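K.L.:
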Amino acid sequence: MNKHLFLVTCLLLVFSYNAKAQNTEITIGFKAGANYSSYTPRYIFPYIKDIHYARKVGFYVGGLVNFEISNDFRVQPELIFALQGAKFANKNLEFVESEYSPPTYGDFELNINESTIILPIVAQYLINNKFYLEGGPQFGYIVNRKEHITKNPIPDDSETPIESADFDYDKFDFGLTFGVGYNFSEKISVNTRYFFGLIERNYNIKSSVISLGLEYKI
Numbered sequence: 001m002n003k004h005l006f007l008v009t010c011l012l013l014v015f016s017y018n019a020k021a022q023n024t025e026i027t028i029g030f031k032a033g034a035n036y037s038s039y040t041p042r043y044i045f046p047y048i049k050d051i052h053y054a055r056k057v058g059f060y061v062g063g064l065v066n067f068e069i070s071n072d073f074r075v076q077p078e079l080i081f082a083l084q085g086a087k088f089a090n091k092n093l094e095f096v097e098s099e100y101s102p103p104t105y106g107d108f109e110l111n112i113n114e115s116t117i118i119l120p121i122v123a124q125y126l127i128n129n130k131f132y133l134e135g136g137p138q139f140g141y142i143v144n145r146k147e148h149i150t151k152n153p154i155p156d157d158s159e160t161p162i163e164s165a166d167f168d169y170d171k172f173d174f175g176l177t178f179g180v181g182y183n184f185s186e187k188i189s190v191n192t193r194y195f196f197g198l199i200e201r202n203y204n205i206k207s208s209v210i211s212l213g214l215e216y217k218i
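Going by our numbering, the residue at position 54 of the sequence shown is 54; the numbering climbs one at a time, nothing skipped.
1. Tell me the DSSP secondary structure of tyrosine 203 in three-state form.
2. Within its chain, find whatever has a CB closer than 8 Å to the CB of isoleucine 69; leave out the 5 residues flanking it on each side and keep chain order.
3. Which runs of the beta strand (DSSP E) fall wholly inside the stretch 45–126 and span at least 3 residues, in chain order?
4. Quick one: what does DSSP say lysine 151 is sitting in, helix, strand or coil?
5. Looking at the structure shown, is aspartate 173 part of a helix, part of a strand, or coil, going by DSSP?
6. CB lysine 187 to CB tyrosine 141, shorter than 8 Å?
7. Nearest chain C C-beta to asparagine 92 closer than 8 Å, yes or no?
8. Assign glutamate 134 to one of two classes, buried (16 or more other C-beta atoms within 10 Å of its C-beta) or exposed (fewer than that).
9. Roughly how many angstroms separate the alpha carbons of tyrosine 169 and asparagine 202, rounded to a whole number?
10. Expressed to the nearest angstrom, what Euclidean distance is found between the alpha-carbon atoms of isoleucine 218 and serine 185?
11. Can you find the residues in the same chain that come closer than 6 Å, C-beta to C-beta, to serine 207, ignoring five residues on each side of it along the sequence?
12. Quick one: what does DSSP say valine 196 is sitting in, helix, strand or coil?
13. DSSP three-state call for serine 37: helix, strand or coil?
14. Only counting the same chain, and skipping five residues up and downstream in sequence, which positions put a Cβ closer than 7 Å to that of glutamine 84?
15. Rounded to the nearest angstrom, what separates leucine 64 and isoleucine 28 at their Cα positions?
16. May I have the straight-line CA-CA distance separating leucine 214 from proline 153, to the nearest angstrom?
17. Considering only C-alpha positions, which residue in the set Asn129, Leu79 and Lys91 is nearest to isoleucine 118?
Here you go:
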């Protein structure tokens, strides 16, 4: 991941130098909002609907640099911290207390939190003074991953927090993000995006994140 960050940083520095050399207008700002994240495919086993991932609510906060290339075209790199992940559910799990007792059934649910550093680099096309379309590549680095049992058919362990069982979980994420935005003014705008991962992580999952937030340009 260090090599990826180094390469992206070099590209941004070169881009910034060229933008300054061409007298490109540069604006900095901040952004924050909420996300609604999960993994794809939703069903771990296609024909077993009781075992699946569900979306969870998180948040993001960060900064941006906006380069005006022309009157209707912008490029905007961002550096964001996001809390995202998914909920894992195994419905109707069978539990047998002893060989002489009848089986009981219950739901097992797990909350997965991923603290992620995100670097989107989006191109923005202004439809008019208010609306714009945007899209581009997005790099991610998972700083920390934690899992917490929220429901367990075994009552004694229902509140036991645990670290990820896979300590070698993939830390690098990459995919494409695209969305639409609306400018309330020259400084304040709102936008919504959808990010879909292009690389498979542990357990053959890919990230899927919907976000909605505000941007403030200085």
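The beta-carbon is built from N, C-alpha and C at its ideal position, and this holds for glycine as well. Just so you know, these numbers come straight off a predicted model, no measurement behind them.
P.N.:
Put simply:
1. Of the three classes helix, strand and coil, the one that applies to tyrosine 203 here is helix, per DSSP.
2. Take isoleucine 69, set aside five residues on each side of it, and the residues of its chain with a beta-carbon closer than 8 Å to its own are Thr24 and Val75, in chain order.
3. 51–54, 56–70, 73–95 and 104–126
4. strand
5. strand
6. no
7. In the structure shown, chain C does not exist; there is a single protein chain.
8. buried
9. 6 Å
10. 12 Å
11. Asp173 and Gly197
12. Rather than valine, the amino acid found at residue 196 in this sequence is phenylalanine. If DSSP states are grouped into helix, strand and coil, phenylalanine 196 belongs with the strands.
13. strand
14. Cβ neighbours of glutamine 84 beyond the five flanking positions: Asn35, Ser37, Gly58, Glu114, Thr116 and Val209.
15. 6 Å
16. 41 Å
17. Residue Leu79 is the option with its Cα nearest to isoleucine 118.
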